[in-house]
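Below is one structure, written out as structure tokens; comments come after it.
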Amino acid sequence: MTTSTTPVLGAAFLALAAGPALAEADLEAGRTIFTETAQPSCAVCHALSDAGSEAEIGPNLDQFKPTAAQVRAAVTSGIGVMPAFADMLTAGQIDTVAAYVAQVTGGAEGAAQPAMEGQTSSGAVAPATPD
Ligand code: HEC
Numbered sequence: 001m002t003t004s005t006t007p008v009l010g011a012a013f014l015a016l017a018a019g020p021a022l023a024e025a026d027l028e029a030g031r032t033i034f035t036e037t038a039q040p041s042c043a044v045c046h047a048l049s050d051a052g053s054e055a056e057i058g059p060n061l062d063q064f065k066p067t068a069a070q071v072r073a074a075v076t077s078g079i080g081v082m083p084a085f086a087d088m089l090t091a092g093q094i095d096t097v098a099a100y101v102a103q104v105t106g107g108a109e110g111a112a113q114p115a116m117e118g119q120t121s122s123g124a125v126a127p128a129t130p131d
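Just so we're aligned: the sequence shown equals residues 1 to 131 in the numbering used here.
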């Protein structure tokens, strides 16, 4: 028994630490899932200015400002007339689009921190400005 697992744990920690700062590549990937990959696409039903959509079947996401956890739940299981996407998108794609929607609408607190889902976010207003 040595400390041979330490490098693995270190890498995992770095991956987690890098999570909250959503890279531009992830935003682009999220936008693509929102407008193209999901079928029917989210943009068919939801207004989201970052994705250039103005659909009015579902809630306007710019106003709704969902957290990543809310998006993930709706996309995974469906809600009301919104279909579930669990069979169509991978868990990773759902996480990516959830983080994207939360980030671009300002509902980003809790985004990319799936392990913290149970934590209440009331009153914790994180500044959304990247710089
Ligand atoms: C067929 C139209 C349709 C599509 C496609 C669709 N939605 Fe929805 N969505 C809705 C409707 C309608 C609601 C409101 C459901 C309700 O509250 O009864 C909703 C609700 C939501 C909510 C709010 C959930 C909540 O907690 O109230 C989010 C977030 C959301 N959608 C994100 C997405 C994303 C992301 C996609 C693409 C993966 C998507 N939707 C695709 C119609 C759609």
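C-beta atoms are modelled at their ideal positions from N, C-alpha and C, and glycine is treated no differently.
With a threshold of 7 Å, the Cβ atom of alanine 47 does not count as near the ligand HEC, since no heavy atom of the ligand is closer than that. Judged by DSSP secondary structure, valine 101 falls within the alpha helix (DSSP H) whose first and last residues are 91-105. Around valine 75, the same chain offers Phe85, Ile94 as residues with beta carbons nearer than 6 Å, after the five sequence neighbours per side are excluded. Distance between threonine 90 and histidine 46, taken at the CA atoms: about 21 Å. Residue state for isoleucine 57 is assigned as coil, using DSSP reduced to three classes. With at least 16 other beta carbons inside 10 angstroms of its own, valine 71 counts as buried. Nearest in C-alpha terms to threonine 105, of all of Ser41, Gly52, Pro40, Thr37, is Gly52.
Less than 8 Å divides the Cβ of glycine 58 from the Cβ of methionine 82. In the structure shown, the three-state DSSP call for alanine 23 is coil.
For valine 44, the Cβ falls inside the 7 Å cut-off from some heavy atom of the ligand HEC.
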